[in-house]
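The structure appears right after this line, and notes come after that.
Written as structure tokens, this is what we have:
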């Protein structure tokens, strides 16, 4: 009888042990990251306490880029990285004039305006042009960088058939593209007879597409084109100017600082600060940004080695963050799935559970991240994730947990449906209630059957956390994208990233396989009592 009771309760101990192990592993991984995410500058008690929070991509050289090492001009961001570039220097000068401490948040391009509107940031300094469409959503300062000479052109392969092009009429038949979400598409339409392809996400993506021959060229502004040219000797930037060059609208000739519509006073203060920066100083800052870290000809494997050497700390921190979010969200998602399986025993609970599962299985996780992260700030006045400790990470865990719960809930339901219906009837005949049946008989067997699926969900989450870059979580993909944007060595960078993801999935799969074997050991022990219907009396509720 004692052995029977141990056999009956063993699954509970194993489940608690499994969940506890994942949590401990997540906490250990978090603690393993270095704690040197401080600025290399010394603490100065005279430093302003009020913050000027600026958002930028950190992936738009020469305006802004991400780097692993500290420099006198760089500003630290989350994940042990730094941002530098023309925008950073302009933001520094604005913050100094405002008497505030500069804080920079690295945010994906498509999230910048939303972050501003939800008060996650105070301003956008990201090489953003004041287009009429954007001006309807936010206010803009005066132009802080103008380049009327050779303002726009195209980037093509050096020595290729388009290398001598100089007018908009010289690209007939060429496969051309531009960055999504910008007015560069309007300039692309001016190229006569081109084969226009779908817009691409960013300049690093277009750069690798050009180098691989997938496209023949793409539109770029002068600063970005020069920077790409400097970092990729195999490419060349061709400015298209004059009567046979690009014809520009006034707003295309410059970039400005974006500010929330409800803060006109800040626009005035920023304009006053910009007025103190001379034209010559602005040009010097841009020249320094364009020529920063100019690449030299070297072999592919040497480039990979240099990326690892210069960025290994950032890659390690991004990996820890990926693992922590994946492990924590998988555990929480599994608990959500168990709760959903329980509440589905009532009609109302089943309806609510079906709605939840349908929504979160039927929409992409990236969209869910956008809605949860920015939607919460829009729905609740005064709430910003940035005001919470590790707010972005908390939001990411919530997103992945809810998504995981929706998928695991269906897996557990399948496990329950796969059980012999006679067990329900036998339990009922013994006087068990519906809840007693679920907790004592059904769930122990269903949980055992879905452990392999839970392991698979963890591995999937390790890879799917990459979508959280949309809400500026410094996980592995986010870190890698920053490295690629600063070096324009996209293929080399993501070869390293792919190897890290592959290593993680192989190791986790092996560890989880061992845990499954440990979980099943109790099933392999010979039973000292015969399997008979009479054994069901051990489950009878006590009076």
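In the numbering used here, the protein residues as written are 10 to 552. Just so it is clear, CB atoms sit at the ideal spot from N, CA and C, and this is done for glycine as well.
For residue 125 versus residue 267, is the C-beta spacing smaller than 9 Å?
Numbered from 1 along the chain shown, position 116 holds the residue referred to as residue 125. Numbered from 1 along the chain shown, position 258 holds the residue referred to as residue 267. The beta carbons of residue 125 and residue 267 sit closer together than 9 Å.
Residue 495: first and last residue of the uninterrupted alpha helix (DSSP H) it sits in:
Taking the chain shown and counting its residues from 1, one reaches residue 495 at position 486. For residue 495, the uninterrupted alpha helix (DSSP H) run begins and ends at 485-496, by DSSP.
Under a Cβ-count criterion, where at least 16 other Cβ atoms within 10 Å of its own Cβ denotes burial, should residue 412 be classed as buried or exposed?
Taking the chain shown and counting its residues from 1, the one referred to as residue 412 is at position 403. Classification for residue 412: buried.
Buried or exposed for residue 360, please, with buried defined as at least 16 other CB atoms from any protein chain shown within 10 angstroms of its CB.
One-based indexing of the chain shown puts residue 360 at position 351. With fewer than 16 other Cβ atoms from the protein chains shown falling within 10 Å of its own Cβ, residue 360 counts as exposed.
Span of the beta strand (DSSP E) around residue 238:
Counting from one through the chain shown, the residue named residue 238 turns up at place 229. From DSSP, residue 238 is part of no beta strand (DSSP E) but of the alpha helix (DSSP H) over 231-240.
Buried or exposed: which applies to residue 96, given that a residue is buried once 16 or more other Cβ atoms fall within 10 Å of its Cβ?
Residue 96 sits at position 87 when you count from the first residue of the chain shown. Label assigned to residue 96: buried.
Going along the chain, which residues of its own chain have a beta-carbon closer than 6 Å to the beta-carbon of residue 370, five neighbours each way excluded?
Counting from 1 along the chain shown, the entry for residue 370 is found at position 361. For residue 370, where only same-chain residues beyond five positions count, the Cβ hits under 6 Å are 415.
Let me know the secondary structure DSSP gives residue 441 once reduced to three states.
By 1-based counting over the chain shown, the position of residue 441 is 432. It is coil, neither helix nor strand.
Nearest-angstrom Cα distance between residue 212 and residue 239?
Residue numbering aside, residue 212 sits at position 203 when the chain shown is read from its first letter. Residue numbering aside, residue 239 sits at position 230 when the chain shown is read from its first letter. Using only the alpha carbons, I get a separation of about 14 Å.
Residue 311: buried (16+ other C-beta within 10 angstroms of its C-beta) or exposed?
Counting from 1 along the chain shown, the entry for residue 311 is found at position 302. Under this definition residue 311 is an exposed residue.
Identify whether residue 59 lies in helix, strand or coil by the three-state DSSP scheme.
By 1-based counting over the chain shown, the position of residue 59 is 50. In the three-state scheme derived from DSSP, where H, G and I count as helix and E and B as strand, residue 59 is classed as coil.
Candidates 226, 439 and 136, of which the one nearest residue 162 by Cα
Here the question's residue 162 lines up with position 153 in the chain shown. Nearest of 226, 439 and 136 to residue 162, Cα basis: 226.
Three or more C-beta pairs below 8 Å linking the segment 456-476 and the segment 331-347
A contact exists between the segment 456-476 and the segment 331-347.
Flag this pair as touching only if the segment 372-388 and the segment 121-140 have three or more C-beta atom pairs under 8 Å; answer yes or no.
In the pairwise beta carbon analysis, the segment 372-388 is classified as touching the segment 121-140: at least three pairs are separated by under 8 Å.
Output needed for residue 375: all residues of its chain with C-beta closer than 7 Å, excluding positions within five of it in sequence on either side, in chain order.
Numbered from its first residue, the chain shown carries residue 375 at position 366. Result list for residue 375: 476 and 479, in chain order.
Name the two residues that bound the continuous beta strand (DSSP E) containing residue 265.
Along the chain shown, read from residue 1 onward, the residue named residue 265 stands at position 256. Counted as a single uninterrupted DSSP element, the beta strand (DSSP E) harbouring residue 265 occupies residues 263-268.
For the alpha helix (DSSP H) that residue 209 lies in, which residues bound it at each end?
Here the question's residue 209 lines up with position 200 in the chain shown. Segment: none, residue 209 is in no alpha helix (DSSP H) and carries neither H nor E.
Could you tell me the boundaries of the alpha helix (DSSP H) in which residue 339 lies?
Along the chain shown, one-based indexing puts residue 339 at 330. Residue range 309-352 is occupied by the alpha helix (DSSP H) that includes residue 339.
Output the residue ranges of the alpha helix (DSSP H) runs that lie fully inside the segment 124-190 and measure 4 residues or longer, sorted by chain position.
The alpha helix (DSSP H) runs lying completely inside the segment 124-190 and spanning 4 residues or more are 141-144, given in chain order.
Rounded to a whole number of angstroms, what is the C-alpha to C-alpha distance between residue 94 and residue 128?
Position 85 of the chain shown, counted from the start, is the residue given in the question as residue 94. Position 119 of the chain shown, counted from the start, is the residue given in the question as residue 128. A straight-line Cα-Cα distance of about 24 Å links residue 94 and residue 128.
Same chain, Cβ closer than 7 Å to residue 387, five either side skipped, listed in chain order:
Residue numbering aside, residue 387 sits at position 378 when the chain shown is read from its first letter. Excluding residues up to 5 positions away in sequence, 127 lie with their Cβ nearer than 7 Å to the Cβ of residue 387 in the same chain.
So, using beta-carbon positions, are residue 496 and residue 327 closer together than 9 Å?
Numbered from its first residue, the chain shown carries residue 496 at position 487. Numbered from its first residue, the chain shown carries residue 327 at position 318. Not in contact: residue 496 and residue 327 (Cβ atoms no closer than 9 Å).
Within 10 angstroms of its Cβ, does residue 150 collect 16 or more other Cβ (buried), or is it exposed?
Along the chain shown, one-based indexing puts residue 150 at 141. Its Cβ being crowded by 16 or more others within 10 Å, residue 150 is buried.
Starting from residue 296 and walking both ways along the alpha helix (DSSP H), at which residues does that stretch end?
Within the chain shown, the letter at position 287 stands for residue 296. Going by DSSP, residue 296 is part of the alpha helix (DSSP H) stretching over 288-299.
Whole angstroms are fine: how far does the CA of residue 450 sit from the CA of residue 439?
Working through the chain shown from its first residue, we reach residue 439 at position 430. Working through the chain shown from its first residue, we reach residue 450 at position 441. Pairing residue 439 with residue 450, the inter-Cα distance amounts to about 12 Å.
Can you tell me which of the three DSSP states residue 250 falls into?
The sequence position of residue 250 within the chain shown is 241, counting from 1. If DSSP states are grouped into helix, strand and coil, residue 250 belongs with coil.
Beta-carbon proximity list for residue 50, same chain, < 7 Å, skipping 5 on both sides:
Counted from its first residue, the chain shown places residue 50 at position 41. At residue 50 the pLDDT is 41, less than 50, meaning the model places this residue with poor confidence and gives no usable figure here.
Which of the three DSSP states, helix, strand or coil, is assigned to residue 502?
On the chain shown, residue 502 is found 493 positions in, with the first residue counted as 1. In the three-state scheme derived from DSSP, where H, G and I count as helix and E and B as strand, residue 502 is classed as helix.
Return the Cβ separation of residue 115 and residue 481 in integer angstroms, given the expectation that the two are a contact with Cβ distance under 8 Å.
Walking along the chain shown from the start, residue 115 turns up at place 106. Walking along the chain shown from the start, residue 481 turns up at place 472. Their Cβ separation, rounded to whole angstroms, is 6 Å, which keeps residue 115 and residue 481 in contact under 8 Å.
Please list, in chain order, all residues of the same chain as residue 202 whose beta carbon is under 6 Å from its beta carbon, the five residues on each side excluded.
Residue numbering aside, residue 202 sits at position 193 when the chain shown is read from its first letter. Around residue 202: 181.
Tell me which same chain residues have a C-beta within less than 7 Å of the C-beta of residue 298, skipping the five on either side of it?
Counting from 1 along the chain shown, the entry for residue 298 is found at position 289. Taking C-beta separations shorter than 7 Å and ignoring five residues to either side along the sequence, the partners of residue 298 in its chain run 71, 94 and 95, following chain order.
Can you tell me whether residue 139 is buried or exposed, with buried defined as 16 or more other CB within 10 angstroms of its CB?
Taking the first residue of the chain shown as position 1, residue 139 is located at position 130. Looking at its Cβ environment, which holds 16 or more other Cβ atoms inside 10 Å, residue 139 is buried.
Might you give, ordered along the chain, the residues of its own chain that have their beta carbon closer than 8 Å to the beta carbon of residue 307, omitting 5 neighbours on each side?
Here residue 307 refers to the residue found at position 298 of the chain shown. Taking C-beta separations shorter than 8 Å and ignoring five residues to either side along the sequence, the partners of residue 307 in its chain run 315, following chain order.
Residues near residue 383 by beta carbon distance below 6 Å, same chain, minus five either side
The residue given as residue 383 occupies position 374 in the chain shown. For residue 383, same chain residues with a beta-carbon under 6 Å away, outside a window of 5 residues either side, are 123 and 127 in chain order.
Per DSSP, cross-strand counterpart(s) of residue 227
Counted from its first residue, the chain shown places residue 227 at position 218. Beta-bridge pairing links residue 227 to 164 and 186.
Can you tell which of 263, 362, 221 and 256 has the C-alpha that lies nearest to the C-alpha of residue 243?
Here residue 243 refers to the residue found at position 234 when the chain shown is read from its first residue. Of the listed residues, the one whose Cα sits closest to residue 243 is 221.
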